[in-house]
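Note that the sequence shown ends on residue 358 in the numbering used here; no numbers are left out.
What follows is one structure encoded as structure tokens, with my remarks underneath.
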Amino acid sequence: MTPKFHDLTVIDVRPETDDTISVAFAIPEELSADYSYKAGQYLTLRAMVNNEDIRRSYSICTAPNENEWRVAIKRIENGAFSSWAKESLKAGDRMQVMTPTGHFAFTPDPTVSQSYLLVAAGSGITPILSIVKTILTEEPLSDVTLVYGNKGFHSIIFREELEALKNKHLDRFRLIHVLSRESLGNALQKGRIDLDKVTKLNKAFFANQPIHGVYVCGPEEMIHAVKDGMMQAGIDEKNIHFELFATSTPIIKPAERVSNEPTVDSMVTIILDGDQLEIPLNSDGTSILDAAQAAGADLPFACKGGVCCTCKARILEGTARMDVNYALEKAEVDAGYILTCQSHPTSEKLIVSFDD
């Protein structure tokens, strides 16, 4: 189903830390099926801020069985949307909210007995919290360890909720805080979550424990550290899942692209909700998404940085290349999926569908 925006009512805004709020939305009964979600998925919010139409994606921090749709918004420096939301958003406001999307999704199996390692940094806790709660409630035979990195004690988002979960599930939920600017009296819990820290944590806590799944959310450097460290520890790469919240690679502008491929003049056909749009596009020009928007198409998108997968579409005919890809897994790329915000045609005819 193609993601769609609907006007929803904000029913609660509450502070989580000095720079973070959580926002809950009311879902009308007739839209409840459209807004069903899996643990780890996100909502894309849309608002006019300073006369600019801005979209931002925020992970759902509640679990599907809680019957609540709540996201956390952390104010970032020079962040137009997050600053506006932190200062102005209130209960009773109406906002356009896209139906849930995202491949960083966890599907519980109540019959299995497994051990999971979850790692988060900062606001990366939002999808991870949803997964933690889902494991604890929907997989009663499984256990979970959460390693959560922050600058200091007071910057820990959902600190009280995490402590309550730990106290409720003492034998199934292990919570390990790692602080970069404060001390918890343990050298292992001081510093950043880098490869050295992952290696030491593994030796201390996981060396004699099988890990069946690893879920990581946070900045790119941390994700690489966890992935490399756990693969060195023998974890199969296919069992390591991640959601990127920040990248170190800048978005590539058309004039900066370097390609060894010859320039191709292509006719691109875009399929959305059964309708078709044809646009001529040069392989060295703008992205498929930007070209379609310039032609008047209202396609689903959010970040335009290759980080989320809101603009994902599938190639039905032809070929294309992506500048960067931080969202699609190898199996999805092999199946023909692309991020249209990062994609350019490399064949004279290209057909992509948002409906597949």
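The beta carbon of each residue, even a glycine, is placed where N, CA and C say it ideally should be.
Practice prompt. Along the alpha helix (DSSP H) that carries I290, what are the first and last residues, could you check?
Written response: I290 to A296
Discussion item. Can you confirm whether the region 87-105 touches the region 269-284 when touching is taken to mean that 3 or more C-beta pairs between the two stretches lie within less than 8 Å?
Written reply: no
Worksheet item: Under the rule that 16 or more other beta-carbon atoms within 10 Å means buried, what is I340, buried or exposed?
Response: buried
Worksheet item: So G308 and V326 are in contact, right, with Cβ under 8 Å, and what is the actual spacing, rounded?
Response: 4 Å
Discussion item. What would DSSP say about L91, mapped onto helix, strand or coil?
Written reply: coil
Practice prompt. Entirely within the region 297-345 and at least 4 residues each: give me those alpha helix (DSSP H) ranges in chain order.
Written response: 332-336
Item to complete: Look up A206 in the DSSP assignment and say whether it is helix, strand or coil.
Response: helix
Worksheet item: Taking Cβ positions, are M97 and A49 nearer each other than 7 Å?
Response: yes
Item to complete: List in chain order: all unbroken beta strand (DSSP E) runs of 3+ residues lying wholly within the region 3-58.
Response: 7-19, 22-28 and 44-51
Worksheet entry | Segment contact, 8 Å Cβ cut-off, at least three pairs: the region 178-190 with the region 143-156 | yes
Fill in: Reference K316; option with closest CA among R174, G298 and I290
In the sequence as presented, Lys is not what sits at residue 316; that position holds Arg. It is I290 whose Cα lies nearest to the Cα of R316.
Worksheet entry | When E70, H346, D286 and F247 are compared against S59, the one with the closest alpha-carbon | F247
Practice prompt. With DSSP as the reference, label S117 as helix, strand or coil.
Written response: strand
Discussion item. Within a Cβ cutoff of 6 Å, which residues of the same chain sit near P30, ignoring the five residues on either side of it in sequence?
Written reply: none
Discussion item. Assuming K240 is part of the beta strand (DSSP E), what are its boundary residues?
Written reply: Segment: none, K240 is in no beta strand (DSSP E) and carries neither H nor E.
Worksheet item: Nearest CA to the CA of A122: which residue from T109, T103, G104 and F160?
Response: F160
Practice prompt. Compute the Euclidean distance between the alpha carbons of V354 and D300, then round it to the nearest angstrom.
Written response: 15 Å
Worksheet item: Between the C-alpha atoms of C63 and L131, what's the straight-line distance to the nearest angstrom?
Response: 6 Å
Worksheet item: By Cβ distance below 6 Å, which residues in the same chain neighbour T128 in space, the five residues on each side in sequence not counted?
Response: S61, C63 and A74
Fill in: T147 - partner residues in DSSP beta bridges
L119 and R176
Discussion item. For the structure I just gave you, are there three or more beta carbon pairs, one from the region 18-35 and one from the region 112-120, closer than 8 Å?
Written reply: no
Item to complete: Take the Cβ of H243 as the centre, count every other Cβ of all protein chains shown within 10 Å, and call the residue buried at 16 or more, exposed below.
Response: buried
Discussion item. So, with DSSP's three-state summary, where would you put F160?
Written reply: coil
Worksheet entry | Strand pairing of G276, partner residues [DSSP] | In the DSSP output, where bridge partners are listed per residue, G276 has none listed.
Item to complete: Taking T321 as the reference, give the member of Y328, V266 and F356 with the closest Cα.
Response: V266
Worksheet item: Considering only residues of the same chain and omitting the five flanking positions on each side of E319, which have a CB-CB separation below 6 Å?
Response: I353
Discussion item. Distance check for S185 and E258, CA to CA, integer angstroms please.
Written reply: Residue confidence for E258 is low, a pLDDT of 45 falling below 50, so the modelled location carries little weight; the figure read from the coordinates is stated next. Using only the alpha carbons, I get a separation of about 44 Å.
Worksheet item: For S84, which three-state DSSP category applies?
Response: helix
Practice prompt. Keeping to the same chain, check which residues put their C-beta closer than 6 Å to that of G104; ignore five residues upstream and five downstream.
Written response: Q43 and Y44
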